[in-house]
Amino acid sequence: MTETPNSPSKEAVQAAARDAARADSDVIIRRYQAREPVSRIAADYGVTANWLGLRLIEWGVPRRHRHEAHALRRPAGHVFRGRSRRRSTAEVRAAQAQFTGDRADVTARYLAGASITTLAREYQVNPVWITERLDYWNVPRRKRPTPSL
Numbered sequence: 004m005t006e007t008p009n010s011p012s013k014e015a016v017q018a019a020a021r022d023a024a025r026a027d028s029d030v031i032i033r034r035y036q037a038r039e040p041v042s043r044i045a046a047d048y049g050v051t052a053n054w055l056g057l058r059l060i061e062w063g064v065p066r067r068h069r070h071e072a073h074a075l076r077r078p079a080g081h082v083f084r085g086r087s088r089r090r091s092t093a094e095v096r097a098a099q100a101q102f103t104g105d106r107a108d109v110t111a112r113y114l115a116g117a118s119i120t121t122l123a124r125e126y127q128v129n130p131v132w133i134t135e136r137l138d139y140w141n142v143p144r145r146k147r148p149t150p151s152l
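Position one of the sequence shown corresponds to residue 4 (this note's numbering), numbered consecutively onward.
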């Protein structure tokens, strides 16, 4: 990039952006405490997220956990999907037995439009196992939707 004699240097532009961010520290702190992502605030001021994060520490603002930035966009259950412990074989078999016991209801719900994933979450069984059960029970499977271009 060639600079014209009257244009400010890249360093001068960065310094001006940093000075503007320092001057608006109260606004930045309020936006951060309102759970706005640091990257978005930094982009608005023309500084890097890393630089802004260091300024927040310098200004004494307590840092929030990384996952909290996503809390507004996704439910917490979606962020933390894993189980705290593995289920025993007996627990898995009990869930599968309950699913098999509700065969008529499960089949009717699937044919009415319930997804395999929804059924798997409700009964806490593997979706692949459900597809095998549906095939074994001769339940006609739905086709996957093709993406439209």
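No residue lacks a Cβ here, since even glycine has one placed at the ideal position from N, Cα and C.
{"Item": "For Ser28, three-class secondary structure by DSSP", "Value": "helix"}
{"Item": "Three-pair Cβ contact test at 8 Å for the stretch 51-66 versus the stretch 90-101", "Value": "no"}
{"Item": "DSSP state of Thr110 mapped onto helix, strand, coil", "Value": "helix"}
{"Item": "The alpha helix (DSSP H) enclosing Ala123, as first and last residue numbers", "Value": "Ile119 to Tyr126"}
{"Item": "Straight-line gap, Ala79 to Ser10 (C-alpha atoms, nearest Å)", "Value": "Any reading at Ala79 is ruled out, since the residue's pLDDT is 49, under 50, leaving its predicted position unreliable."}
{"Item": "Stretch pair the stretch 9-24 + the stretch 32-40: three plus CB contacts closer than 8 Å", "Value": "no"}
{"Item": "First and last residue of the uninterrupted alpha helix (DSSP H) at Trp54", "Value": "Ala52 to Glu61"}
{"Item": "Ala97 versus Asp105 - alpha carbon distance", "Value": "12 Å"}
{"Item": "Pick from Val50, Arg43 and Ile32 that is closest to Arg21, judged by C-alpha positions", "Value": "Val50"}
{"Item": "DSSP three-state assignment for Asp22, whether helix, strand or coil", "Value": "helix"}
{"Item": "Rounded Cβ spacing between Leu57 and Ala45 (contact assumed at less than 8 Å)", "Value": "Incorrect: roughly 11 Å between the Cβ atoms, too far for contact."}
{"Item": "CA nearest to the CA of Arg67, picked from Tyr48, Asp47 and Val41", "Value": "Val41"}
{"Item": "Closest Cα partner of Val128 within the set Tyr48, Phe102 and Asp27", "Value": "Phe102"}
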